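Structure record follows, encoded as structure tokens.
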Amino acid sequence: MRIATNGTELAVRVDGTGAPLLLLHGWPHTGRIWAGVRPPGRRIIAPDLRGIGDSAPARDGFDAATAVADLIGLLDHLNVDTLEVAAIDAAVPTAFLLAMRHPERVTRLVLMEGTLPGLAGGFDAPPWWFGLHAVPELPETLVEGREDEYLGWFLRDVADPGLRAALVDAYRGRPRLRAGFGFYRAMDRNTELIRAAVAGSRLRVPTVAVAGGVVAHRLHRQLEPLTDHLRGVTLDRCGHIVPLDRPDALTRLFA
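According to numbering that gives the first Met the number 0, the sequence shown is numbered sequentially starting from 0.
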């Protein structure tokens with residue numbers, strides 16, 4: 000279903016009953032990456048973020064603050080007051096900012112395979128595609144019509160060919176590509192937002208940093224100085240897209 004929120008419409012998959020769990024995807028993903036994570040007794044809420052997948056097209060608003068406002072509107076529509084929040088990859092700054100701004104609504108924060116821009120402890124240098132994707136219009140021009148080849152490279156470890164094709168299709172065409180690259184064009188703004196959030200304040204929400212095979216322990220290092228209640232979880236036999244590589248481990252974590 001699609002839900003109107005904050006001037007846009009987000010597609011969201013809602014499944015199960017019980018304590019609500021919000022699952023946020025990264026790039027180039029959609030809410031479908033969480034399909035294998037179905038802990039018993041949980042109400043799963045897995046949106047496609049602004050402009051991506053089955054959500055309404057969008058030209059702007061890809062920074063973490065706007066995403067937080069999108070999600071608060073979504074949760075209000077679903078009558079969800081408090082919940083657990085989990086995020087991977089490019090959605091990590093959004094989930095972090097949500098917990099910093101609305102700690103009364105977040106019972107636990109689970110972050111995996113992403114970093115917080117502007118804070119020490121991340122990568123010494125960003126991966127090569129961060130710079131390319133941040134250039135206005137250039138990556139759209141290069142990738143449009145070649146989505147299978149380009150996006151397929153980032154999804155090469157996705158074992159299910161049907162899911163891999165669906166994820167590529169979710170970003171096919173210039174408007175969807177623009178929304179995905181918007182994660183990277185918002186990086187400078189997200190740096191400002193994250194630094195402002197931690198200036199004179201701490202993350203009070205119980206937090207779990209999940210280390211997969213790419214970002215590994217960098218996120219834990221970033222969170223350690225500013226989090227009151229932090230636990231680290233390291234997953235073996237795991238690449239970058241944790242819910243696809245280790246849905247069993249995440250199901251246990253969220254049970």
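We put the beta carbon where it would ideally sit given N, CA and C, even for glycine. Source: prediction; values computed, not measured.
>> Just to confirm the assignment: which complete beta strand (DSSP E) runs, minimum length 3, are found wholly within the region 93-167?
In response: If we require 3 residues or more, the beta strand (DSSP E) runs fully inside the region 93-167 come out as 105-111.
>> Quick check: what's the CA-CA separation for L74 versus T16?
In response: In a straight line, the C-alpha of L74 is about 15 Å away from that of T16.
> CB A210 to CB G238, shorter than 9 Å?
Replying inline: Not in contact: A210 and G238 (Cβ atoms no closer than 9 Å).
> For A89, does the three-state DSSP call read helix, strand or coil?
Replying inline: Secondary structure of A89 (DSSP, three-state): helix.
> How big is the Cα-Cα spacing for P92 and T114?
Replying inline: One C-alpha to the other measures close to 7 Å.
> R41 by DSSP, collapsed to three states: which one?
Replying inline: Here R41 sits in strand by DSSP.
> From P38 to A254, what does the alpha carbon distance come to, in whole angstroms?
Replying inline: P38 and A254: Cα-Cα distance of roughly 5 Å.
> Is I43 closer than 9 Å to P116 when the C-beta atoms are compared?
Replying inline: The answer is no: Cβ separation not under 9 Å.
> In chain order, what residues of the same chain lie with their CB nearer than 6 Å to the CB of H219, ignoring the 5 residues before and after it?
Replying inline: Result list for H219: A208 and G231, in chain order.
> Does the Cβ of L9 have 16 or more other Cβ atoms within 10 Å, making it buried, or fewer, making it exposed?
Replying inline: Answer is buried; the Cβ neighbour count reaches 16.
>> Measuring straight from C-alpha to C-alpha, what distance separates I240 and E112?
In response: If I take the Cα positions, the gap works out to 8 Å.
> Looking at C-alpha atoms only, which residue of R201, P224 and V11 is the closest neighbour of G50?
Replying inline: If we check each option's Cα against that of G50, V11 comes out closest.
>> At the level of alpha carbons, what is the spacing between R184 and R236?
In response: Spanning the two alpha carbons is a distance of roughly 32 Å.
> Can you give the Cα-Cα distance for D244 and R155, rounded to whole angstroms?
Replying inline: Take the alpha-carbon of D244 and the one of R155: they are about 13 Å apart.
> Which one of A45, G72 and F129 has the shortest CA to CA distance from G6?
Replying inline: The option with the nearest alpha carbon to G6 is G72.
> Which whole-angstrom value is the C-beta distance of T226 and L202, which I expect to be below 8 Å?
Replying inline: The Cβ separation is near 4 Å, so the contact holds.
> Apart from the five residues on each side of it in sequence, which residues of its chain come closer than 7 Å, Cβ to Cβ, to A178?
Replying inline: The beta carbon of A178 is closer than 7 Å to those of R49, G50, I51, A57 and F61 in its chain, skipping five residues each way along the sequence.
> For G120, which option in H216, S54 and H228 has the closest C-alpha, if you only look at C-alpha atoms?
Replying inline: The option with the nearest alpha carbon to G120 is H216.
>> Out of R107, D14 and L162, which one is the CA nearest neighbour of A85?
In response: Selected option, being the one with the closest Cα: R107.
>> So, at 6 Å on beta carbons, what are the nonlocal neighbours of F129 in its own chain, with the 5 sequence-adjacent residues on each side left out?
In response: Result list for F129: Y183, in chain order.
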